[in-house]
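So the structure is just underneath, and the comments pick up after that.
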Amino acid sequence: MFAKNKTCYLLGKNIFFVEWNYMKKVFVCQWNICRKDKK
């Protein structure tokens with residue numbers, strides 16, 4: 000039971016980091032596009 004909870008926790012953490020990195024990439028891309036448009 001404890002091992003299962005730990006696995007779920009690690010999986011959740013990995014998914015969170017993947018989502019966070021994806022959001023960061025999207026945000027940076029959008030920001031760069033906005034900066035280009037202003038020039």
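Everything in the sequence shown is counted per numbering that gives the first Met the number 0, starting at 0 for the first residue and increasing by one.
Glycine included, every Cβ here is placed at the ideal spot set by N, Cα and C.
These figures come from a predicted structure and were not determined experimentally.
Rounded C-alpha distance that separates residue i from residue j
| i | j | result |
| --- | --- | --- |
| L9 | V17 | 12 Å |
| F15 | K37 | 33 Å |
| V27 | K12 | 22 Å |
| M22 | K35 | 20 Å |
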